[in-house]
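Chemist: Line order of the protein sequences matches chains A and B.
Take the first sequence: its position 384, counting from 1, is numbered 384 in my numbering, and each next residue is one higher.
Take the second sequence: its position 77, counting from 1, is numbered 531 in my numbering, and each next residue is one higher.
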Amino acid sequence: MGFLDKLRSKRQGQRVVFIGLDGTPYTFLKRLIDEGRAPNAARLAEQGSLLRMESTWPWVSSVAWSTMMTGVNPGRHNIYGFIDRDPATYKQFIPTSRNMQAKTLWEVLSDAGKRVVVVNVPVTYPPRQVNGILVGGFLSPSLEKAVHPPAYLATLQSLGYIVDADPWKARESKDLAIQEVNAVLDARIRTLYHLLEREEWDYLHVHIMETDRLHHFLWQQMEEDHPTYGPAFYDFYQRIDDMLGQVAGKLDGNTTLVWMSDHGFCTVKREVYVNRWLMDKGWLRLRNVPPDRKKGLDEIDPSSVAYSLDPGRVVIRLRGREKDGCVAPGAEYEALRDEIATAALQLQDPDSGELIFQRAFKREELYHGPYLEQAADLILAPYDGYDPKGTLYKENLTFKGDELVGMHTHHDAMLYVRGRTLPQTRFSVLDVMPTILDLLEVPAPAGLDGHSLL
Amino acid sequence: MEQKGVTVWFTGMSGAGKTALAIRLEEELRKRGLRVERLDGDIVRKGLTRDLGFSKEDRDMNIERVTFVAKLLTRNGVAVLASFISPYRAARARARQEIGNFVEVFCYASLDTLVERDVKGLYKKALAGEIENFTGVSDPYEEPESPEVTIDSGTETIEESLGKILAKLEELGYVPTSEDDSAYTEDEEAEIEARLAALGYL
Ligand SMILES: Nc1ncnc2c1ncn2[C@@H]1O[C@H](COP(=O)(O)OP(=O)(O)OP(=O)(O)O)[C@@H](O)[C@H]1O
Ligand SMILES: [Mg+2]
Numbered sequence: 001m002g003f004l005d006k007l008r009s010k011r012q013g014q015r016v017v018f019i020g021l022d023g024t025p026y027t028f029l030k031r032l033i034d035e036g037r038a039p040n041a042a043r044l045a046e047q048g049s050l051l052r053m054e055s056t057w058p059w060v061s062s063v064a065w066s067t068m069m070t071g072v073n074p075g076r077h078n079i080y081g082f083i084d085r086d087p088a089t090y091k092q093f094i095p096t097s098r099n100m101q102a103k104t105l106w107e108v109l110s111d112a113g114k115r116v117v118v119v120n121v122p123v124t125y126p127p128r129q130v131n132g133i134l135v136g137g138f139l140s141p142s143l144e145k146a147v148h149p150p151a152y153l154a155t156l157q158s159l160g161y162i163v164d165a166d167p168w169k170a171r172e173s174k175d176l177a178i179q180e181v182n183a184v185l186d187a188r189i190r191t192l193y194h195l196l197e198r199e200e201w202d203y204l205h206v207h208i209m210e211t212d213r214l215h216h217f218l219w220q221q222m223e224e225d226h227p228t229y230g231p232a233f234y235d236f237y238q239r240i241d242d243m244l245g246q247v248a249g250k251l252d253g254n255t256t257l258v259w260m261s262d263h264g265f266c267t268v269k270r271e272v273y274v275n276r277w278l279m280d281k282g283w284l285r286l287r288n289v290p291p292d293r294k295k296g297l298d299e300i301d302p303s304s305v306a307y308s309l310d311p312g313r314v315v316i317r318l319r320g321r322e323k324d325g326c327v328a329p330g331a332e333y334e335a336l337r338d339e340i341a342t343a344a345l346q347l348q349d350p351d352s353g354e355l356i357f358q359r360a361f362k363r364e365e366l367y368h369g370p371y372l373e374q375a376a377d378l379i380l381a382p383y384d385g386y387d388p389k390g391t392l393y394k395e396n397l398t399f400k401g402d403e404l405v406g407m408h409t410h411h412d413a414m415l416y417v418r419g420r421t422l423p424q425t426r427f428s429v430l431d432v433m434p435t436i437l438d439l440l441e442v443p444a445p446a447g448l449d450g451h452s453l454l
Numbered sequence: 455m456e457q458k459g460v461t462v463w464f465t466g467m468s469g470a471g472k473t474a475l476a477i478r479l480e481e482e483l484r485k486r487g488l489r490v491e492r493l494d495g496d497i498v499r500k501g502l503t504r505d506l507g508f509s510k511e512d513r514d515m516n517i518e519r520v521t522f523v524a525k526l527l528t529r530n531g532v533a534v535l536a537s538f539i540s541p542y543r544a545a546r547a548r549a550r551q552e553i554g555n556f557v558e559v560f561c562y563a564s565l566d567t568l569v570e571r572d573v574k575g576l577y578k579k580a581l582a583g584e585i586e587n588f589t590g591v592s593d594p595y596e597e598p599e600s601p602e603v604t605i606d607s608g609t610e611t612i613e614e615s616l617g618k619i620l621a622k623l624e625e626l627g628y629v630p631t632s633e634d635d636s637a638y639t640e641d642e643e644a645e646i647e648a649r650l651a652a653l654g655y656l
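1. Tell me whether residue 64 of chain A sits in a helix, a strand or coil according to DSSP, three-state version.
2. Buried or exposed for residue 377 of chain A, going by 16 or more other Cβ atoms inside 10 Å?
3. Contact criterion: CB-CB distance below 7 Å. Does residue 82 of chain A meet it with respect to chain B?
4. Using a Cβ-Cβ cut-off of less than 8 Å, give me the residues of the segment 384-400 of chain A that come near chain B, in sequence order.
5. Pick from A:62, A:49, A:24, A:23: whose alpha carbon is nearest that of residue 256 of chain A?
6. Any beta carbon from chain A within less than 7 Å of residue 638 of chain B's own beta carbon?
7. Going by the C-beta, is residue 639 of chain B closer than 6 Å to any heavy atom of ligand 2?
8. Quick check: does the Cβ of residue 114 of chain A come within less than 6 Å of any heavy atom belonging to ligand 2?
9. Inspect the beta-carbon positions of residue 357 of chain A and residue 366 of chain A and report whether they are closer than 7 Å.
10. Drop a sphere of 10 angstroms on the beta-carbon of residue 424 of chain A, count the other beta-carbons inside from all chains shown, and report buried for 16 or more, exposed for fewer.
11. Return the residues of the segment 303-324 of chain A that lie within a Cβ-Cβ distance of less than 9 Å from chain B, sorted by chain order.
12. Using a Cβ cut-off of 9 Å, which residues of the segment 487-514 of chain B contact any Cβ in chain A, in chain order?
13. I'd like the ranges of any alpha helix (DSSP H) spanning at least 4 consecutive residues and lying wholly in the segment 46-108 of chain A.
14. Using a threshold of 6 Å, is the CB atom of residue 507 of chain B nearer than that to any non-hydrogen atom of ligand 1?
15. Is there a C-beta anywhere in chain B that falls below 7 Å from the one on residue 96 of chain A?
16. Of all Cβ atoms in chain A, is any one closer than 7 Å to the Cβ of residue 654 of chain B?
17. Could you tell me if the beta carbon of residue 472 of chain B falls within a distance shorter than 6 Å of some heavy atom in ligand 2?
18. For the segment 214-224 of chain A and the segment 402-410 of chain A, state whether three or more C-beta atom pairs, one from each stretch, are separated by less than 8 Å.
19. Are the C-beta of residue 614 of chain B and some C-beta of chain A separated by less than 7 Å?
20. Under 9 Å, CB to CB, which of the residues in the segment 122-137 of chain A have a partner in chain B?
21. Would a check of beta-carbon distances place residue 2 of chain A closer than 7 Å to chain B?
22. Measure the Cβ-Cβ separation of residue 285 of chain A and residue 349 of chain A and say whether it is below 7 Å.
23. Closest by CA to residue 299 of chain A, which one among A:211, A:35, A:287?
24. Quick check on residue 474 of chain B - is its C-beta less than 7 Å from some C-beta in chain A?
25. Taking residue 404 of chain A as the query, report the chain B residues whose CB atoms sit under 8 Å from its CB, ordered along the chain.
26. Going by CA-CA distance only, name the one from A:419, A:309, A:351 that's closest to residue 86 of chain A.
27. Rounded to whole angstroms, what is the Cα-Cα separation between residue 19 of chain A and residue 575 of chain B?
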């Protein structure tokens, strides 16, 4: 028996390899398969279930992955976006693993004595203790601070591991964007193969962020069959497909391959500045126009009744909760919430006349749990193509840029499980954690919001 | 902040809340990014000290072995949560002396409360004379004279008791407070914000 086999055979029972493909739409991968551009995914799809899945509202990666890793809704894990605020002080902050109030899949597995290796998942910085290795993902300030146990840093450095692509470089030019995401993907895949073959684990999770980055910068070029960037986009996916094939080939019979994306993607028609709209409606006033960026939400005039955080999260300036809040709880709050919701559903793109929002959810329609109070009061769900932004001040309601050309969608996430036939029902990212626990034959903690699909 | 090792020693009669509080504290400390190990009477007595009974000698030996393990972990920067009835003052004093960084949590509840609660159904048996050496009924419990924290599980909720313990641990510098708890330095935060802005999230 070779060294690797010996290492592997030490771990008894079921194992899972999980590849996160951030933002790869189900329909896109299906098309690649149908067009013969993803032969490995095609073969694997026949050996298991490749299904469409719903994301969270909002569909940002921090919320979707927090939901994936905890199996509970944001009202219970407390992550509502990439940015949040303390309503009492208007200090803004970046939610991290410290704000996450629920046990993660890898913590449950650790408690059950399983060894886990988890790399690059959003909102896992600062690394919390696991039985194994955890390398923080998006919004880690540096690799040095992102590794548990710290001693594993040296191995990652020797692999040339990189936490994330440089988004400013990527914005400079499409060519640089392609270079950046491919370079980081190299490092990520190299590390993935190393972990797969050299480390001991029952659950190995490697998150590919580069798909999402590529989409943000080049989705439109792909859709429009740009003569150079179109092919570059498909070349990148050929590498993803090749990686899936390689990984599948390295697994033994007790190890299930799973991959997942957390949301879909489409081309941005228009960015929509929700705070501009609230100002136009007289619901939001600023102390200074334009506001001083450094002052953040303190530039909101106390007479304002609402403001918006990214993306489409509308907060009512409720008395007793918000700094200088002026909207009375109860009837006044409800009436204002209804009024804003109704108006949002009528809001049109000034250029095309198209409606911008398909739904205006009251928070209790989406979330429940002890951290509901941290949620925005209304969550505006746009039609695909309209990208709601939280910028406090913009002169115009909408904008079409050429740097960030792709945006997320809700209904087009995906889940793949090899060797299993999953029911073709509607399900969401909430159901992923219990499904993985089921695959690993570890009992799910009581009271998860999601259910195993097996 | 470099984690400073500590042993949080929960003492008190059966059903007073030692295990319940240690479990909640473990969760809370993990959330704050600390390394934690729990040593619990019910678990240790199935392994490390399975050969021991409940005579005074055996109880002392039980605590002596556990103290040794807690000492090794504590000096290596781990937060050790030890939950043992540990009825004898002298044994606890030895543990404190050996371990050094030691926070004693006296878990109190009135006997009435304990009998009524009877989590494991043991008080009923003990009161019926079916269990010899049952602490508080047929065996002594020596209350701590100056524990760092006292909780009364008969009148406090678990979260209230937990709050008292966390506050003491913060005060003693074993657990980062919410102020030095921030995940980013100022420079890092500025850089992260720039990254979010580049991706259109700010
Ligand atoms: N403030 C409180 N702190 C701790 N436990 C509480 C509190 N209030 C109520 N309880 C309840 O009291 C019970 C305490 O039981 P627990 O198993 O923790 O006792 P124990 O001290 O570990 O007993 P033993 O020595 O038999 O292991 C639990 O059911 C817990 O939910
Ligand atoms: Mg106990």
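Virtual Cβ for every residue (Gly too), placed ideally from N, Cα, C.
Modeler: On the basis of the data shown:
1. helix
2. buried
3. yes
4. 387, 389, 390, 391
5. A:49
6. yes
7. no
8. no
9. no
10. exposed
11. 310, 311
12. 487, 488, 489, 490
13. 61-70, 74-77
14. no
15. yes
16. yes
17. yes
18. yes
19. no
20. 125, 126, 127, 128, 129
21. Confidence at residue 2 of chain A is low in this model, with a pLDDT of 43, below 50, so the placement of that residue should be treated as unreliable; the coordinate-derived value is given next. Cβ-Cβ to chain B under 7 Å: no for residue 2 of chain A.
22. no
23. A:287
24. no
25. 653, 654
26. A:309
27. 48 Å
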